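Asks:
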Amino acid sequence: MENLRYVISLWRFWVALAGVAAIAYLFHLYAPAQHNPWRPIHLDDPIGLATYAKFTHLKYNREACFRALDTVGVQYTPLPDEVTGKNCGFQDALVLDRTLTPYSAPLRMTCAMAAALYVWEREAVRPLAERYFSSEAARIETFGTYSCRNIAGTRRRSQHATANAIDIAGITLANGRLISIKTDWGSATPAGDYLADLHKTACELFSVTLGPDYNAAHADHFHLDFGSGNTCR
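Taking my numbering, the leading residue of the sequence shown gets 25, the next gets one more, and so forth.
(1) Considering only residues of the segment 69–151, which uninterrupted alpha helix (DSSP H) runs meet the minimum length of 4 residues and lie entirely inside it, listed in chain order?
(2) Select from ALA240, LEU73 and SER204 the residue whose C-alpha is nearest the C-alpha of ILE195.
(3) Whose C-alpha, out of ASN239, THR213, GLU147 and ALA176, is nearest the C-alpha of ASP68?
(4) On the DSSP letters alone, give me the boundaries of the beta strand (DSSP E) that LEU67 sits inside.
(5) How long is the line joining the alpha carbons of ASP208 and LEU202, rounded to whole angstroms?
(6) At 3 residues or longer, what runs of the beta strand (DSSP E) sit wholly inside the segment 143–226?
(7) From the DSSP output, in three-state form, read off HIS59 for me.
(8) So what does PHE246 bridge to, in DSSP terms?
(9) How big is the Cα-Cα spacing for ALA215 and TYR156?
(10) Use the C-beta contact count for ASP116: other C-beta atoms within 10 angstroms, 16 or more gives buried, fewer gives exposed.
(11) Can you tell me the Cα-Cα spacing of THR75 and ASP249, whole angstroms?
(12) Would the segment 157–167 and the segment 79–92 be scored as touching if the rule is three or more Cβ pairs under 8 Å?
(13) What separation, rounded to the nearest whole angstrom, lies between the Cα atoms of LEU229 and ARG150?
(14) By alpha-carbon positions, which one of CYS172, LEU152 and LYS110 ends up nearest to MET133?
(15) Taking the alpha carbon of ASP217 as the reference point, which residue from LYS83, LEU152 and GLY72 has its own alpha carbon closest?
(16) Measure the Cβ-Cβ separation of LEU82 and ALA139 and say whether it is below 7 Å.
(17) Could you tell me which residues DSSP puts in a beta bridge with LEU234?
(18) Can you find the residues in the same chain that come closer than 6 Å, C-beta to C-beta, to GLN99, ignoring five residues on each side of it along the sequence?
(19) Would you decide whether HIS66 is buried or exposed? Buried here means 16 or more other CB atoms lie within 10 Å of its CB.
(20) On the CB-based measure, 16 or more other CB atoms within 10 Å of its CB, does PRO56 come out buried or exposed?
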């Protein structure tokens, strides 16, 4: 009797395992690419359930990351890995020459940051500018990326110290208008709504997204990074 129970339990286990395997196989075959973690990332895919996991993969896979940038035509200059100070430097990094939108200054950043910024521009910065203002996003205003420094008020290195973060100050439109995080964040205006949507989309793509609601140190910019944390504030 005990042997029969054991055989039945084992049979149920294998049936359940086969069912899970079949579901996983069907998901792999038919799930949209943006929701399927087993499909390679394409930066022109919509944001989906698997997008963040795919960016995490790019963070640790130099070849796949640079290939993803090349596929969509991001222009960059690769940088050699370099240690620039105690717990400072960069690996798998580049100088971003051009994505979809010009930036206000040359930027050194990791490949994964460049990939996520491309998607953020395509999914949020550019289409939402058209929706809210009937104008193109002409330039992204930034306070920079790489800086060998600590997090303000702490002894811990910032993600900026490894070129794994960017500070966004605002968006200049093709009509010349500046949408400024310092002045427009939180306002009951199209500019305020635009910035809120940009922040929300960034939270889907980056490990950490911090804005003016986080603390006074971020009153004039969004901090976006691919560190080990998971914060949307």
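The beta carbon of each residue, even a glycine, is placed where N, CA and C say it ideally should be.
Model, not experiment: these values are computed from the prediction.
Replies: Result, derived from the coordinates:
(1) 75–83, 86–96 and 135–144
(2) Residue 195 sits at position 171 when you count from the first residue of the sequence shown. Here the closest residue by C-alpha is SER204.
(3) Taking the sequence shown and counting its residues from 1, one reaches residue 68 at position 44. Closest option to ASP68, Cα to Cα, is GLU147.
(4) The count along the sequence shown starts at 1 and reaches residue 67 at position 43. Taken as a continuous stretch (DSSP letters only), LEU67 belongs to no beta strand (DSSP E), as it is neither H nor E.
(5) Working through the sequence shown from its first residue, we reach residue 208 at position 184. Working through the sequence shown from its first residue, we reach residue 202 at position 178. Looking at the two C-alpha atoms, the distance is approximately 10 Å.
(6) Every beta strand (DSSP E) stretch that sits fully inside the segment 143–226 and reaches 3 residues is listed by chain position as 161–168, 189–197 and 202–204.
(7) Here residue 59 is taken as the residue at index 35 of the sequence shown, counted from 1. Correct three-state label for HIS59: helix.
(8) Along the sequence shown, read from residue 1 onward, the residue named residue 246 stands at position 222. Beta-bridge pairing links PHE246 to ILE192.
(9) Here residue 215 is taken as the residue at index 191 of the sequence shown, counted from 1. Here residue 156 is taken as the residue at index 132 of the sequence shown, counted from 1. Taking the straight line joining both Cα atoms gives about 8 Å.
(10) Reading the sequence shown from its first residue, position 92 is the one you call residue 116. Per the 10 Å Cβ criterion, buried.
(11) Here residue 75 corresponds to residue number 51 of the sequence shown, with the count starting at 1. Here residue 249 corresponds to residue number 225 of the sequence shown, with the count starting at 1. Near 15 Å, if we compare the C-alpha coordinates of ASP249 and THR75.
(12) no
(13) Taking the first residue of the sequence shown as 1, we reach residue 229 at position 205. Taking the first residue of the sequence shown as 1, we reach residue 150 at position 126. About 16 Å.
(14) Within the sequence shown, the letter at position 109 stands for residue 133. The shortest Cα separation from MET133 among CYS172, LEU152 and LYS110 belongs to CYS172.
(15) The residue labelled residue 217 in the question sits at position 193 within the sequence shown. Comparing Cα-Cα distances from ASP217 to each of LYS83, LEU152 and GLY72, the minimum goes to LEU152.
(16) What you label residue 82 is simply residue 58 of the sequence shown in a count that begins at 1. What you label residue 139 is simply residue 115 of the sequence shown in a count that begins at 1. Result yes, Cβ atoms of LEU82 and ALA139 sit closer than 7 Å.
(17) Numbered from its first residue, the sequence shown carries residue 234 at position 210. Its beta-bridge partners are HIS247.
(18) Counting from one through the sequence shown, the residue named residue 99 turns up at place 75. Once the five neighbours on either side are set aside, the close Cβ partners of GLN99 are ASP121 and ARG122.
(19) Start at 1 with the first residue of the sequence shown, and residue 66 comes out as number 42. It is exposed - the Cβ of HIS66 has fewer than 16 other Cβ atoms within 10 Å.
(20) To locate residue 56, count along the sequence shown from 1; it is residue 32. The residue is exposed, with fewer than 16 neighbouring Cβ atoms inside 10 Å.
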